[in-house]
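S.K.:
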Amino acid sequence: MERRITKEELHAAVQEAYELYRKEKSGKNADYIPYLANIDSNLFAIAICLPGGEIIEAGDSSYRFGIESISKVATALLVLKEYGANTIMDMIGADATGMPFNSIMAILLENDHPSTPLVNAGAIAAVSMVRPVGEAQRKWDSIRHNINELCASNLPLIDELYKSESVTNHNNRAISWLLKSYNRIYDEPDLSLDLYTRQCSLGVTTSELAVLAGTIAGGGINPVTKREVFPAYLTSKIVSMMASVGFYEHSGNWMFSTGVPAKTGVGGGIIGVLPGLLGIAAFSPPIDAAGNSVRAQKAITHIAKKLGLGIYNGETIVIEEHANVLC
Ligand code: GLN
């Protein structure tokens, strides 16, 4: 079944979601990373990236904030590209944990397996796999280059965030060394943890995140630069991971209510991907108990419902410039 929506409808839905939730007060900034506690809770932005690279945006869409766990999607793609999907399945896995993003219990229950590159354990394992193993600077260059290619940008490190997270990331240190004891980390644990912390501390805007999501929606071709960032066959792999664990222990509820595969970060960002159609991003610092931005969730949910978007709908949606007016 094919259905048409217009760019005007997309603009209107974005604006409506922004107006509806700009006064939303629920949720609370993450505070286990001290830097995040001090970000203005009123910040709010929504952006959609269309296949032609056009961005539809509302609110503080050029404010730069910590990418946090959304970086896991980028580095998962990098190692999928470097090693192939089967090897990632063997060395990390692709299972939902049903548990918080930083769960140690999940590692124990998964029979010493890090589960998926989209939770902390699997993300640290993914960073450890980035080539060339053992060479921190070259690995970092590769991680950054890959994120920049996905976002069509040059993301700066937020130094204060990096320092704030580095001195408080004891739980992640425990994860890295636990993985070591199970032979599930593939480079030096402290080096891997440091690179993971750095990638989480990159500063990104909501518009840049929409481009990242748009690149995945575009099957690996960045809609702005038109460059191929990853091979098309990896699209279904990364989107399936986002759908199964992108909201951690709330992933089932999220997919049930929106049908939009998405990934969140405790900095307040969320990206959503509708393959073949568009990438969406939203941002606002206050998060819920699972670490997912409250306003960003509401905004994306509103837009998806309003326009009938979602991967389970069995429809092909075509975006038109203008509605066809029948005379
Ligand atoms: N850097 C954060 C951490 O490891 C990322 C968590 C998140 O965004 N869910 O705790």
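For the sequence shown, position 103 (counting from the first letter as 1) is numbered 84 according to the working numbering, and the numbering increases by one without interruption.
Here a beta-carbon is modelled for each residue, glycine too, at the ideal position from N, C-alpha and C.
1. Can you check DSSP and say which residues form a bridge with residue 183?
2. Is the beta carbon of residue 233 sitting closer than 9 Å to the one on residue 190?
3. Does the Cβ of residue 168 have 16 or more other Cβ atoms within 10 Å, making it buried, or fewer, making it exposed?
4. If the criterion is Cβ atoms closer than 9 Å, does the pair residue 184 and residue 45 meet it?
5. Output needed for residue 187: all residues of its chain with C-beta closer than 6 Å, excluding positions within five of it in sequence on either side, in chain order.
6. Ligand 1: which residues have Cβ under 6 Å from any of its heavy atoms, chain order?
7. So, using beta-carbon positions, are residue 98 and residue 69 closer together than 9 Å?
8. Whose CA, out of 239, 163, 134, 40, lies closest to the CA of residue 205?
9. How big is the Cα-Cα spacing for residue 272 and residue 248?
10. Going by CA-CA distance only, name the one from 140, 175, 54 that's closest to residue 154.
11. Run through DSSP, which three-state label would residue 238 get?
12. Mapping DSSP to helix, strand and coil, what is residue 124?
13. Along the chain, which unbroken stretches of the beta strand (DSSP E) at least 3 residues long are found entirely within the region 19 to 91?
14. Compute the Euclidean distance between the alpha carbons of residue 297 and residue 92, then round it to the nearest angstrom.
15. I'd like the list of long-range same chain contacts for residue 230, defined as Cβ closer than 7 Å, with 5 residues on each side in sequence excluded.
16. Buried or exposed for residue 303, please, with buried defined as at least 16 other CB atoms from any protein chain shown within 10 angstroms of its CB.
17. Does residue -11 come out as helix, strand or coil in the three-state DSSP assignment?
M.R.: So, to answer that:
1. 138
2. no
3. buried
4. Yes; because the gap between Cβ atoms is below 9 Å, this pair is in contact.
5. 26, 28, 42, 262, 264
6. 49, 50, 82, 83, 101, 146, 153, 181, 246, 247, 272
7. yes
8. 134
9. Taking C-alpha positions only, residue 272 is separated from residue 248 by approximately 9 Å.
10. 175
11. helix
12. Look at residue 124 here: in three-state DSSP terms it is helix.
13. 26 to 30, 36 to 40
14. 40 Å
15. Closer than 7 Å at Cβ, skipping near neighbours: 79, 80, 81, 271.
16. exposed
17. helix
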